[in-house]
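> Residue numbers (the working numbering): 17 to 328. Each residue gets a CB set at the ideal place from its N, CA and C atoms; glycine is no exception. A quick note: this is a predicted structure, and the numbers were derived from the prediction, not measured. What follows is a single structure, and I will ask about it in a moment.
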C-alpha cells in the first residue's frame, strides 16, 4: 500500500462556496456543519456559502477552513477506512487540521480552538497596523538579509512563510513593510506585494497570543496520534500532546517552513493528498518536489476520483 502524507492548507485558501458540494450531497457533512456551528455560535452555511465580510476575518476564516478540511477528510476516511496516513502535515493553520486528522483532537474542539486562536491573533494586532508582504523572485538568504538589516534599524519585519523557492512571505508592521518594498526590489525581487491582511502571522508581534493558545490546547489535545505530524517550526515529526502544545505555541511567532518540510518528507512518502478548498499545496508541491504526486479532495467529484485511485 502507498505511503501517504495527508496535508492541509492554511489561511488564504478560503473562498465563498467552499464545501457547499459536500454539504448539498452528504448528511455527514451537514451534521458536521451544524454541530460545529452550535459549538461557537456561528451559522457556517451563512458564513461560507453567502457573500459576507466575516469570512475574511481571522477569527472566522480559521474555523471555516478547518471545518471544510475535516469534512473532506471524514468523507475520505469513511470511503477508505483501511487507508492510513504515513504522516500528517499542514501549512500554518493547516497544522491544526493535521492535528485533528491525526486523532489528537476532535473536530468540534478543533473548530473552537482555531476560532479562539484567530481571536487571540486579532487581539494581538488590533491596536497596531500589522500585516504581511509576499516577496517573489528573491532567494531566501537575500530576504533574510533585508529583514535583518531592517531590524538593525529598529524596524519590525520577519520572514514568516517559506512557501517555495522564490516565494517567501514576510510579516511585521505595515509601515515598515511598505518602506522596504523598493529595498526588496533593489535586491532582486520581481514583486514585493502587501497582502490584504490585518494580522502579522508567525512573528514576534503575536507573542501575546501564545500563552492563551497553549492553555486552551492543554485542555483539548489528547495523547492519541494515528501517525506523526510534521512541525512547521522544526520540519521534524512529533506525536505527543506536550510536543503539540509547545510547537504550535512556537508556531505563532516562528516562520512556517513549508518548503523545507516537503523536501524533508518527499523521500519517505509515495504521494500526498490535500484536503479542503483549492489546490494551493498541490501547486507548491509541484514546484518544490516535482516527483511527489499530490492529489486533492475539494468536492464530491474529486473525492470520488481520489477514492477510486487510492482505495481500489
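(1) CA-CA distance, residue 88 and residue 58?
(2) Around the C-beta of residue 169, are 16 or more other C-beta atoms found within 10 angstroms, so that it is buried, or is it exposed?
(3) Compare the Cα-Cα distances from residue 242 to each of 257, 228, 230 and report the closest residue.
(4) Does the stretch 277-289 touch the stretch 184-204, meaning 3 or more C-beta pairs lie closer than 8 Å?
(5) Residue 210 lies in the alpha helix (DSSP H); which residues open and close that run?
(6) So, under 8 Å CB-CB, residue 124 and residue 46 are touching, yes? Tell me the CB distance rounded to an integer number of Å.
(7) For the alpha helix (DSSP H) containing residue 173, name the first residue and the last one.
(8) Do residue 176 and residue 192 have their C-beta atoms within less than 8 Å of each other?
(9) Assuming residue 219 contacts residue 269 under a Cβ cut-off of 8 Å, what Cβ separation, rounded to an integer in Å, is found between them?
(10) Would you identify the three-state DSSP class for residue 213, choosing helix, strand or coil?
(11) Are the CB atoms of residue 319 and residue 49 nearer to each other than 8 Å?
(12) Return yes when the Cβ of residue 114 is within less than 8 Å of the Cβ of residue 24, no when it is not.
(13) Quick one: give me the first and last residue of the alpha helix (DSSP H) that residue 68 is part of.
(14) Quick check on this structure: which residue in 76, 17, 43 has the alpha carbon closest to the alpha carbon of residue 31?
(15) Can you tell me the Cβ-Cβ gap for residue 230 and residue 273, rounded? I've got them flagged as a contact below 8 Å.
(16) Just tell me which of 316, 260, 295 has its CA closest to the CA of residue 111.
(17) Please determine, among 148, 298, 60, the residue with the shortest C-alpha to C-alpha distance to residue 311.
(18) Just to confirm, is the Cβ distance from residue 84 to residue 301 under 8 Å?
(19) Extract the residue ranges of the beta strand (DSSP E) inside the stretch 120-165, only unbroken runs of 3 or more that lie entirely within it.
(20) Is the beta carbon of residue 73 closer than 8 Å to that of residue 178?
(21) Taking the CB atoms as reference points, tell me whether residue 81 and residue 109 lie closer together than 8 Å.
(22) What does the Cβ neighbour count give for residue 18, buried or exposed, with the cut at 16 atoms within 10 Å?
(23) CA-CA distance, residue 327 and residue 288?
(24) What residues match up with residue 309 in a beta bridge as DSSP calls it?
(25) When you compare each of 245, 156, 102 to residue 205 by their alpha carbons, which one comes out closest?
(26) How about residue 78 and residue 134: do their beta carbons lie closer than 8 Å?
(27) Quick one: grab the DSSP three-state call for residue 183.
(28) From the DSSP output, read off the bridge partner residues of residue 24.
(29) Rounded to whole angstroms, what's the CA-CA distance from residue 308 to residue 286? Just pull it up for me.
(30) On a CA-only basis, which of 150, 322, 126 is nearest residue 28? Give me that one, please.
So, from the listed chains and residues:
(1) 20 Å
(2) exposed
(3) 257
(4) no
(5) Careful: residue 210 lies outside any alpha helix (DSSP H), inside the beta strand (DSSP E) at 207-210.
(6) That pair is no contact at about 15 Å.
(7) Residue 173 -> not in any alpha helix (DSSP H); beta strand (DSSP E) instead, spanning 173-180.
(8) no
(9) 6 Å
(10) coil
(11) no
(12) yes
(13) Careful: residue 68 lies outside any alpha helix (DSSP H) and carries neither H nor E.
(14) 76
(15) Residue 230 to residue 273, Cβ: 20 Å. No contact.
(16) 260
(17) 298
(18) no
(19) 146-152
(20) no
(21) yes
(22) exposed
(23) 14 Å
(24) 287
(25) 156
(26) yes
(27) strand
(28) 106, 291
(29) 7 Å
(30) 150
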